[in-house]
Amino acid sequence: MFDTKKPGCYDKVTRLLLLPRRFCSTFVLIKEKLMILQTASLSRQEQFVVPETPSLEDLERIIDRGQKAFYVVGTALKSIRDARLYQHQQNYPDFDSYCRERWDMSRRKADNFIRASVFIDNLRRNNCSELPSNESQIRPLLSIKSEEEQIEIWLDIIQSAPLGKITAKYVQEKVEQYNRNQKGNRTEKQSQIAPLIQQLEKSLAELDKKVAPLLDSNLSILSAIPTKLATIEYRVTELRNRVAESILADTNNCCPCCETELIQSMESCLCGWNQGVIRNSQHGK
2 MFDTKKPGCY DKVTRLLLLP RRFCSTFVLI KEKLMILQTA SLSRQEQFVV PETPSLEDLE
62 RIIDRGQKAF YVVGTALKSI RDARLYQHQQ NYPDFDSYCR ERWDMSRRKA DNFIRASVFI
122 DNLRRNNCSE LPSNESQIRP LLSIKSEEEQ IEIWLDIIQS APLGKITAKY VQEKVEQYNR
182 NQKGNRTEKQ SQIAPLIQQL EKSLAELDKK VAPLLDSNLS ILSAIPTKLA TIEYRVTELR
242 NRVAESILAD TNNCCPCCET ELIQSMESCL CGWNQGVIRN SQHGK
């Protein structure tokens, strides 16, 4: 047997093939086996061929696709959350559990993906000329609650970015600058409002001094009303009794309604004419 791994093996076989024809049948068999060995050897060599190293452009395209995948992920998570698909199809109790158990993702990270995708949609609706190329450019903007202010800051970043190159660091700087300006505006507004509040408090104090005596006098008048009403009621009752006595004196102790003789001047008639007068008189006493 020929050891095909040793150097010069194939040369020896070739010399043997040049022997006389009587050895032809034997060498034909040897030649066939040799071809099989050569084919197997080539197959083993092909298995260990090192693949061609990808170019920088190919690798960068892969990275670019991976960075832009945040929008697709955020859109998918938003659809799952809004439609509660995690409950209907997977029986997760809530969106937090779904993110944690299904994707090993915190709710905060999922919300960041969703807010980033919403931010991209808002930019598209506003016909923004340039969109963020990766999630790191959007992350600092998510600290701002107002979506309108997020868009406003991004438009400013597009116009002011050095050499037109937008980096996550530059976005962070612009967001910090915005927060400082907002804090300064709040401080300025507070400084402007403070004198107004002091003036308002002073005006209220002066108004209280003017209104307090009026309220006191009105309260004294209101508190005297029940006493005056009782006095008026008593006088009315007394007047009614006097009128009744005068009527009885003129009718010789006869009831003016049924002309029945009354035993006493204030006695009530059977028809009930003077019953109310007597009752009111007794109440007045």
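For the sequence shown, our numbering gives the first residue as 2, with consecutive numbering after it.
Heads up, the beta-carbon is just placed ideally off N, CA and C, and yes, glycines get one too.
message = Going by C-alpha to C-alpha distance, which of Pro163, Gly165, Gln173 and Arg62 sits closest to Gln151?
response = Gln173
heavy atom of the ligand COA below 7 Å from Arg125 C-beta = Only the bare structure without any ligand can be found here, which leaves the ligand COA out of the picture.
Assigned exposure category for Ser118 - 16 Cβ within 10 Å defines buried = buried
task = Decide if Gln90 is buried, meaning its Cβ has at least 16 other Cβ atoms within 10 Å, or exposed.
result = exposed
Assigned secondary structure, Leu240 (DSSP; H/G/I helix, E/B strand, else coil) = helix
message = Counting C-beta neighbours from all protein chains within 10 Å, is the total for Asn296 16 or more, i.e. buried, or is it exposed?
response = The requested residue 296 does not occur in the structure, where the chain is confined to residues 2 to 286.
inquiry  = What does the alpha-carbon distance come out to for the pair Ile167 and Arg101?
reply    = 33 Å
ask   = Is Glu148 near Phe71, with beta carbons less than 8 Å apart?
value = no
key: Reference Lys175, options Leu223, Leu156 and Asn113, closest by Cα   = Leu156
task = Drop a sphere of 10 angstroms on the beta-carbon of Asn182, count the other beta-carbons inside from all chains shown, and report buried for 16 or more, exposed for fewer.
result = exposed
ask   = If we call anything under 8 Å between Cβ atoms a contact, is Phe96 one with Arg108?
value = yes
Rounded separation between Ile125 and Ser98 - CA only = Looking at the sequence itself, residue 125 is Arg, so the reference to Ile does not match. Between Arg125 and Ser98, the C-alpha separation is close to 32 Å.
message = With distance defined between alpha-carbon atoms, name the residue in Tyr235, Glu153, Ile194 and Lys79 nearest to Asp112.
response = Lys79
message = Leu132 and Ile145 - do their beta-carbons sit closer together than 8 Å?
response = no
ask   = What's the C-alpha gap between Leu216 and Ala245?
value = 44 Å
ask   = Is it buried or exposed for Pro214, if we count other Cβ within 10 angstroms and need 16 for buried?
value = exposed
query = Looking only at its own chain, which residues have a Cβ that is under 7 Å from the Cβ of Asp83, when we skip the five neighbours before and after it?
reply = none
query = How should Leu57 be labelled, buried or exposed, when 16 other C-beta atoms within 10 angstroms of its C-beta is the threshold for buried?
reply = exposed
Straight-line Cα distance separating Glu207 from Leu223 = 25 Å
key: Cβ-Cβ distance between Ser134 and Lys69 below 8 Å   = yes
task = Express the C-alpha separation of Gln88 and Trp55 in angstroms, rounding to a whole number.
result = Position check: residue 55 holds Pro in this sequence, whereas Trp was assumed. Near 43 Å, if we compare the C-alpha coordinates of Gln88 and Pro55.
inquiry  = For Asp112, report the span of its alpha helix (DSSP H) as first-last.
reply    = Arg108 to Arg126
inquiry  = Going by beta-carbon coordinates alone, are Gly67 and Phe114 separated by less than 8 Å?
reply    = no
ask   = In three-state DSSP terms, what is Pro214?
value = helix
key: Neighbourhood of Met106 by C-beta distance below 6 Å, restricted to the same chain and skipping five residues each side   = Cys100
inquiry  = Using C-beta distances below 8 Å, list every residue in its chain close to Tyr171, excluding the 5 sequence neighbours before and after it, in chain order.
reply    = Ile158, Ala162 and Pro163
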